[in-house]
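Sequential numbering from 6 applies to the sequence shown in the working numbering.
Below: one structure, written as structure tokens.
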Amino acid sequence: MAFPAWAVVEGEPYLKLRSARTDNLFDAPRDAAIDVDRQRASETQQTATVGAALQYTWGLQKATADLEAARVLHRDFDGLDHTTYAAGLGLEWQVARLWEGALSAEQRREQENFADRDNVTLGLLDRTTADASLRWKPTPRWALEPSLGLRRVEYDRLTSRDADREDVVVGVEGLYTGNPVATVGVGLDRTMGRFPVRERQPDRFDGIGDGFTQTDLFTRVDYRFSGISSVQAELGYSWRATEGLGVESVDRDLDGATGRLRYVRQQSALTLIQLEVFRRLDSVEDVDAVSAERLGFLAELDYSLTRRIGLQGQYRHERLDYVGGGFVAERAAREDRVNVYRVALRYRPLLWLGISGGIESEQRRSNREARSFDTRIGFIEVEAR
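Take a look at the structure:
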């Protein structure tokens, strides 16, 4: 295959091997008597991942491809062995200084989470996303960017297919790009979601609905105020209306202020600090719930002790107040508090070889005792790229 002389082709294959030991494979509740089908069990998991990142650049255009496949094996519960994959394609294009655009599509296969289920059978799901955006820059200072996104979640297990979901997201944003260190935008997104299985059984789901429409109005600022620090701030308001409710059903609509504040600081060549706080209204994949209010905080640290040895730390706290989570339509029918910790030590003996090991922990406290759990994982990973 011949490429133009001014084209650049880049590729990076990689291989990852991971061994992990968990003390709660099924995210079983703290009280074993609450759920006899999900008992606490320890297990060793082995994961082999192969992938590649490819990029083709010609002129002002760029095409990318990201491919990955993983095989997960279990020492005792071999009925849970499975294969996951992810495949993504992207295209960024530009015509002179007036038009810019981006296209992307991704297909992923993942394991279904045990935390919101009442059984321990293997479940897989497929996530499909496609996005398109166009930026028109009539002047060097101003731009207009309409966008379109498609989302789909499909479950393999019959008992989970009530949560299959399809979303269409339409958006438009006006941008001020005249400042070299800051971008300011004002925009509107409208999401139209539907649950196909629920639409076919309206009598069964008339208490929780079979779809929703969400409108997000926002303004955002991306600002780099020094060579080592940057801030991304977004503030808005969201309205979410549930569709397909029965005549006698309690209102499940939501609205409220939303936003995100993210701070990134490259303290030195050795230290990277990232902090984020957010509040948003989201769809949730619990079969009995339609949406949730999410309020959370995230902190990440990447510190290089030497040129070859580094330390990584992460902490995430999230509060979820569900609308749904049961057929009693109360605003907070279920309330979860989630804390996630991760600490890892990384060693790179060669430029292309990395070895890391650490501990991960997730703790959930819920007003529904069957959804409260503690899980800890110890792991070691080897990566070549």
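Just so it is clear, CB atoms sit at the ideal spot from N, CA and C, and this is done for glycine as well.
Computed from a prediction, not measured in an experiment: that's the story for all the values here.
> By DSSP, does leucine 20 sit in helix, in strand, or in coil?
Replying inline: One-based indexing of the sequence shown puts residue 20 at position 15. Reduced to three states, the DSSP call for leucine 20 is strand.
>> Just verifying my parser: in three-state terms, what is the DSSP assignment at arginine 157?
In response: Here residue 157 corresponds to residue number 152 of the sequence shown, with the count starting at 1. Here arginine 157 sits in strand by DSSP.
> Would DSSP call valine 348 helix, strand or coil?
Replying inline: The count along the sequence shown starts at 1 and reaches residue 348 at position 343. For valine 348, the three-state secondary structure derived from DSSP is strand.
> Any idea what DSSP makes of threonine 380, helix, strand or coil?
Replying inline: Translated into the one-based positions of the sequence shown, residue 380 becomes position 375. DSSP places threonine 380 in the strand class (E or B) of the three-state scheme.
> Would a C-beta distance cut-off of 9 angstroms place alanine 91 and arginine 122 closer than the cut-off?
Replying inline: Stepping through the sequence shown from its first residue, residue 91 is reached at position 86. Stepping through the sequence shown from its first residue, residue 122 is reached at position 117. No; because the gap between Cβ atoms is not below 9 angstroms, this pair is not in contact.
>> Out of Gly251, Asp172, Leu358, Tyr242, which one is the CA nearest neighbour of glutamine 206?
In response: On the sequence shown, position 201 is the one that residue 206 refers to. In terms of CA proximity to glutamine 206, Gly251 leads the group Gly251, Asp172, Leu358, Tyr242.
>> Among Leu193, Gly183, Tyr352, whose alpha-carbon lies nearest the alpha-carbon of valine 177?
In response: Here residue 177 corresponds to residue number 172 of the sequence shown, with the count starting at 1. Per the Cα distances, Leu193.
>> Which residue wins for smallest C-alpha separation from glutamate 73, given the options Leu94, Arg80, Leu65, Phe200?
In response: Position 68 of the sequence shown, counted from the first residue, corresponds to residue 73. If we check each option's Cα against that of glutamate 73, Leu94 comes out closest.
> Under the three-state reduction of DSSP, which class applies to serine 165: helix, strand or coil?
Replying inline: By one-based count along the sequence shown, residue 165 stands at place 160. DSSP, read as helix, strand or coil, puts serine 165 in helix.
>> According to DSSP, is arginine 170 part of a helix, a strand, or is it coil?
In response: On the sequence shown, residue 170 is found 165 positions in, with the first residue counted as 1. Looking at arginine 170 - three-state DSSP - the assignment turns out to be strand.
>> Please classify tyrosine 160 as buried or exposed, where buried requires at least 16 other C-beta atoms within 10 Å of its C-beta.
In response: Indexing the sequence shown from 1 puts residue 160 at position 155. So tyrosine 160 ends up on the buried side.
>> Let's test the definition: count the other Cβ atoms within 10 Å of the Cβ of threonine 247 and tell me whether it reaches 16, buried, or not, exposed.
In response: Sequence index remark: in the sequence shown, residue 247 carries index 242 (1-based). So threonine 247 ends up on the buried side.
> What are the residues that DSSP puts in a beta bridge with phenylalanine 283?
Replying inline: The residue labelled residue 283 in the question sits at position 278 within the sequence shown. Checking the DSSP bridge columns, you'll see phenylalanine 283 partnered with Arg265, Gly301.
>> What does the alpha-carbon distance come out to for the pair arginine 35 and tryptophan 98?
In response: Counting from one through the sequence shown, the residue named residue 35 turns up at place 30. Counting from one through the sequence shown, the residue named residue 98 turns up at place 93. If I take the Cα positions, the gap works out to 52 angstroms.
> Just curious, the alpha helix (DSSP H) that valine 202 is in, first and last residue?
Replying inline: By 1-based counting over the sequence shown, the position of residue 202 is 197. In the DSSP assignment, valine 202 falls within the alpha helix (DSSP H) that extends over 201-204.
> Quick one: what does DSSP say arginine 370 is sitting in, helix, strand or coil?
Replying inline: Your numbering for residue 370 matches position 365 in the sequence shown. The answer is strand: DSSP assigns arginine 370 an E or B state.
>> Quick check on glycine 410: does DSSP put it in helix, strand or coil?
In response: For residue 410 there is no data in the structure shown, the boundaries of the chain being 6 and 390.
> Among residues of its own chain, excluding the 5 on either side of leucine 394, which ones have a beta-carbon nearer than 6 angstroms to its beta-carbon?
Replying inline: Nothing about residue 394 can be reported from this structure: the residues present for the chain run from 6 to 390 only.
> Between which two residues does the alpha helix (DSSP H) containing phenylalanine 210 stretch?
Replying inline: Sequence index remark: in the sequence shown, residue 210 carries index 205 (1-based). Here the alpha helix (DSSP H) through phenylalanine 210 covers 207-210.
> Do you know offhand how far alanine 274's Cα is from arginine 353's?
Replying inline: Residue 274 sits at position 269 when you count from the first residue of the sequence shown. Residue 353 sits at position 348 when you count from the first residue of the sequence shown. The C-alpha of arginine 353 is placed about 16 angstroms away from the C-alpha of alanine 274.
>> Looking only at its chain, what residues have a beta carbon closer than 6 angstroms to the beta carbon of alanine 297, apart from the 5 residues adjacent to it on each side?
In response: As a working mapping, residue 297 is identified with position 292 in the sequence shown. Shown here for alanine 297: same chain residues with a beta carbon closer than 6 angstroms to its own, the five before and five after excluded, namely Asp287, Val289, Leu325, Tyr327 in chain order.
> Under the three-state reduction of DSSP, which class applies to aspartate 258: helix, strand or coil?
Replying inline: Indexing the sequence shown from 1 puts residue 258 at position 253. Three-state DSSP puts aspartate 258 in coil, outside helix and strand.
> Span of the beta strand (DSSP E) holding threonine 54?
Replying inline: As a first step, residue 54 must be located in the sequence shown, where it is residue number 49. 48-63 is the extent of the beta strand (DSSP E) around threonine 54.
> Going along the chain, which residues of its own chain have a beta-carbon closer than 6 angstroms to the beta-carbon of arginine 157, five neighbours each way excluded?
Replying inline: The sequence position of residue 157 within the sequence shown is 152, counting from 1. Only Thr133, Glu171 meet the Cβ criterion.
>> Taking the straight line between their C-alpha atoms, what separation do you get for valine 202 and alanine 75?
In response: Mapped onto the sequence shown, residue 202 falls at position 197. Mapped onto the sequence shown, residue 75 falls at position 70. Whole-angstrom Cα-Cα distance: 30 angstroms.
> Going by C-alpha distance, which of Arg369, Leu149, Gln317, Leu153 is nearest threonine 196?
Replying inline: Here residue 196 refers to the residue found at position 191 of the sequence shown. Of the listed residues, the one whose Cα sits closest to threonine 196 is Leu153.
>> So, for glutamine 368: in the same chain, excluding its five sequence neighbours on each side, which residues have a beta-carbon less than 6 angstroms away from its beta-carbon?
In response: Reading the sequence shown from its first residue, position 363 is the one you call residue 368. Only Asn344, Asp379 meet the Cβ criterion.
> Which value, in whole angstroms, describes the spacing of the CA atoms of threonine 62 and valine 13?
Replying inline: Start at 1 with the first residue of the sequence shown, and residue 62 comes out as number 57. Start at 1 with the first residue of the sequence shown, and residue 13 comes out as number 8. Spanning the two alpha carbons is a distance of roughly 5 angstroms.
> Assuming phenylalanine 230 contacts aspartate 215 under a Cβ cut-off of 8 angstroms, what Cβ separation, rounded to an integer in Å, is found between them?
Replying inline: For the purposes of this step, residue 230 is taken as the residue at position 225 of the sequence shown. For the purposes of this step, residue 215 is taken as the residue at position 210 of the sequence shown. Rounded, the Cβ-Cβ distance is 47 angstroms, inconsistent with contact.
>> Cutting at 8 angstroms between CB atoms, please list the residues of its own chain near glutamine 272, excluding the five before and the five after it.
In response: Taking the first residue of the sequence shown as position 1, residue 272 is located at position 267. These residues qualify, in order along the chain: Ile233, Ile278.
>> If the criterion is Cβ atoms closer than 9 angstroms, does the pair serine 165 and leucine 127 meet it?
In response: Here residue 165 corresponds to residue number 160 of the sequence shown, with the count starting at 1. Here residue 127 corresponds to residue number 122 of the sequence shown, with the count starting at 1. Judged by beta-carbon spacing, leucine 127 lies beyond the 9 angstroms limit of serine 165, meaning their Cβ atoms are not closer than that value.
> What does DSSP give as the partner residues of aspartate 136 in its beta bridges?
Replying inline: Translated into positions along the sequence shown, residue 136 becomes position 131. Ser109, Gly154.
> Of the residues Ala25, Arg140, Asn29, which one's Cα is nearest the Cα of glycine 190?
Replying inline: Counted from its first residue, the sequence shown places residue 190 at position 185. That would be Arg140, whose Cα lies nearest to the Cα of glycine 190.
> Hey, out of Thr54, Ala148, Tyr346, Ala58, whose CA is closest to proline 182's CA?
Replying inline: Residue numbering aside, residue 182 sits at position 177 when the sequence shown is read from its first letter. Checking the sequence shown, residue 182 turns out to be threonine, not proline. Taking threonine 182 as reference, the option from Thr54, Ala148, Tyr346, Ala58 with the minimal CA-CA separation is Ala148.
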